[in-house]
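Numbering-wise (my numbering), the sequence shown opens with residue 19 and increments by one.
In what follows, a single structure is set out as structure tokens and then discussed.
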Amino acid sequence: MPYPRARQADVVDVLHGVTVPDPYRWLEEPDSDETRAWVEAQNALTRTHLDGPLRDRLVERLTELYDSPRATMPFRRGDHYFFNWNPGLRNQPALMVQDGVAATPRPLIDPNTLSPDGTVALTAVFGSEDGRLVAYALSKSGSDQQQLFVREVDSGRDRPDRIDWVKFASVAWTKDSSAFYYLRFPEPGTVPPGDEHYFGRIYFHRLGDPQSRDPLVFAVADDREVVPFVELSAGDRFVVITAQKGASERSAIHLIDLATPGAAPRVLFAGYDAVFAFAGSADGRLFFRTDLHAPRGRIISVDETDPWSSPRVVIPEGPDTLATAVAARERLVVSYLHNAANRVRLFNLDGAAAGDVPLPPYGSLASLDARPEHDDVLMTFQSFIEPPTAYRYEIATSRLHPLAQVSRPRFDSAAYEIEQVWYRSKDGTRVSMFLVHARGPARDGDRPVLLTAYGGFNISVTPTFDAAHFLLLERGGLVAVPNLRGGGEYGESWHEAGMLDRKQNVFHDFFCAAEYLIREGWTAPRRIAIEGGSNGGLLTGAALVQRPDLFGAVICRVPVADMLRYHLFTVGRFWIPEYGSADDPEQFRYLLAYSPYHNVADGVAYPPTLVMTADTDDRVSPGMAKKFAARLQAATSGDAPILIRVETKAGHGAGKPLSKVIEEDADIFAFLYRASGIEV
């Protein structure tokens, strides 16, 4: 296939004595005329390959699949219940509020009214303790950059307050709703270029004041990669600051005792060697989730009268992985991962077991919310074949019911089943994998398969709903989701086994998942399509260059594809604790060994490949995807298409309007249908 010309420049780095060519570095410059012309030509080529009657039919079916009401992300403040709501095909969900559990919901914030193309998204909401006000974050075109606003719940009017330079929004309201603490980053131009992505700090904002008057509350001035998140204990006794090192969940906890005027932040749990996450306060104690001396997690507490005394173990480590925990009235609500699926258990404040929330097997929580003054728990539950739904659990009656009534989706969930299987990786490690397929005869050796995974950053891949997967399931296909090392499904030791110099374990786990499906008679290599995004894009990129023989199609979304330079762009330095850095000679050697861009080999017949990125992705630099695609196109010896799709007015993925989601899904499955030989 003829491809648009990509100039090969004579750019060479010598790193730790090793010569490293980088002929497509010019593609890192997004605004150059040469890069723009290349992107335009590549997008035109991709359109000629994907557009047509097949894609039109896929858009039609996707529109049907997405056209059902969805209520998600519920929480309660005071007597007000809030949740996100999309009646079907709106580009963005709106925030709804109901003034009591039996009241009729009404719209409070609808981002669809803020942009005609749906590219303004409501990305975070923080309710005041009495439920009278919400601080909410908006982002544009998928950017991580956010602006904070304040809205009155009863009137629906905005206050004049506006907070700029926000990312990864974190807000903690004071009990009287007169002020809040928040996380912000430096204003561009006030720091050296690039540093606006770092040096997160906590400020205090009193309603009605201009942001310029907000006092600084917490900062780690000598470490730009620390990101602090802020919460308040019940009764406003302590400001609880969780300071994380980059993208790692490992953290330090700092407390500000508001009972002492002018008190400075004081370290409660030091260092960044373990996870500490505030789980709320009740009965005069502060509760924390931690994996310190407990790789699968446990709950500890400290006394509010003397937090710096020795912590007490409330819920010891168990066989399942502790995922999240929140304090409700006289209860701790704890979500565990049992073989990579969520279970929710209740405990008394002394740690005694107090029952389970009745959830279906093979599902996952997308949110969990409770308050020590309330006797109900709000959550979002979903599975591979059940769309995410907002639920309310009554502690007193042990009843679980939807917070909002929704109609059934446009498919028959009873026609499909979920299995969990186990297989051995290259070094003998047992790895779990979910399989989703239609009921009935299964193993004919020729099923089209979508193998999708992540494997990194302690992120657990649990049974989540994706309407687009039914485009494959309805054609007799199989969706396979392995729980690779590097994730958080089986605790911190599972995560550590797939990070830094052990990253190759993740790739071997992935290869062995495909080989298991072939060996067990499900499919053949030419029928296996692999898909992943971000760190999952790194996974599929590495899989493509290491085992091009094993897969029939590759979908590589927003990939971290250049492991020697990723840390030089946007927030890349946040990922050094996970990957390592080419600045270090030992880490350089293992990064070079698997970096997708650097391991493309000339003369290899690579399988059909679709690389995807977005022009305003300010998390993973689009230049890495562009360089990877250009290198693949120049190297391949086969006729299979190597395509790149560069989305406009879109970012890393969060807040993407539904219209763009449908267009993107249609492109992915038009590509997959053709590559896998799926007939319509």
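Just so it is clear, CB atoms sit at the ideal spot from N, CA and C, and this is done for glycine as well.
8 Å or more divides the Cβ of A345 from the Cβ of I317.
L690 is positioned such that its CB atom lies closer than 8 Å to that of A571. Within 10 angstroms of the beta-carbon of W326 lie fewer than 16 other beta-carbons, which makes it exposed. Under the DSSP assignment, G590 falls outside any beta strand (DSSP E); it carries neither an H nor an E label.
Put simply, of F525, R284, P92 the residue whose alpha carbon is nearest the alpha carbon of T398 is P92. Annotation: the continuous beta strand (DSSP E) that includes K158 extends over 151–158. Under DSSP, N360 takes part in a beta bridge, and its partners are L355. Cβ neighbours of P625 within its own chain (closer than 7 Å, five residues either side excluded): P566, F569, G570, A571, V572, A658.
By the beta-carbon neighbour count (other beta carbons within 10 angstroms, threshold 16), D31 is exposed. Secondary structure note for P92: its beta strand (DSSP E) is the uninterrupted segment 88–95.
Rounded to the nearest angstrom, the gap between the Cα atoms of W103 and A693 is 36 Å. In this structure, DSSP gives I573 an extended state, which the three-state scheme calls strand.
Judged by DSSP secondary structure, A547 falls within the beta strand (DSSP E) whose first and last residues are 546–551. Taking all protein chains shown into account, H419 has fewer than 16 neighbouring C-beta atoms within 10 Å of its C-beta and is therefore exposed.
At a cut-off of 3 residues, the continuous stretches assigned as beta strand (DSSP E) that sit fully inside the stretch 396–441 are 407–412, 417–420. Taken in chain order, the complete beta strand (DSSP E) segments of 3 or more residues contained in the stretch 447–474 are 448–456, 467–470. Shown here for T558: same chain residues with a beta carbon closer than 6 Å to its own, the five before and five after excluded, namely I548, G550, V572, C574 in chain order. H215 sits in a helix when the DSSP states are folded into three classes. Collapsing the DSSP output to three states places F144 in a strand.
Note on the stretch 557–645: whole beta strand (DSSP E) runs with a minimum of 3 residues are 571–575, 627–632, in chain order. Under the DSSP definition of a beta bridge, R316 partners with T308.
By alpha-carbon distance to H67, the top candidate from Y21, E78, S50 is Y21. When only Cα atoms are considered, P577 and F475 end up about 15 Å apart. Here N61 really is in contact with R663; their C-beta atoms are around 7 Å apart, less than 8 Å. Annotation for R692: the continuous alpha helix (DSSP H) segment containing it runs 676–694.
Contact between the stretch 608–616 and the stretch 579–596 is established, with three or more Cβ pairs separated by less than 8 Å. For I696, the CB contacts under 6 Å within the same chain, skipping 5 residues up- and downstream, are P466, R493 in chain order.
Taking C-beta separations shorter than 8 Å and ignoring five residues to either side along the sequence, the partners of L107 in its chain run T81, Y84, D85, L676, following chain order.
Judged by their CB atoms, N130 and A142 are not nearer to each other than the 8 Å cut-off. The residue from E510, V622, R591 with its alpha-carbon nearest to that of D291 is E510. Comparing alpha carbon positions, the residue from E437, A197, G96, F483 closest to R457 is E437. Per DSSP, P71 lies in no beta strand (DSSP E); the unbroken alpha helix (DSSP H) holding it starts and ends at 71–84. Per the coordinates, the alpha-carbon of A531 lies some 30 Å from the alpha-carbon of K674.
Contact between G96 and D148 holds: their C-beta atoms lie close to 4 Å from each other, under 8 Å.
Secondary structure of I333 (DSSP, three-state): strand. In terms of Cβ geometry, A312 and E335 form a close pair [threshold 8 Å].
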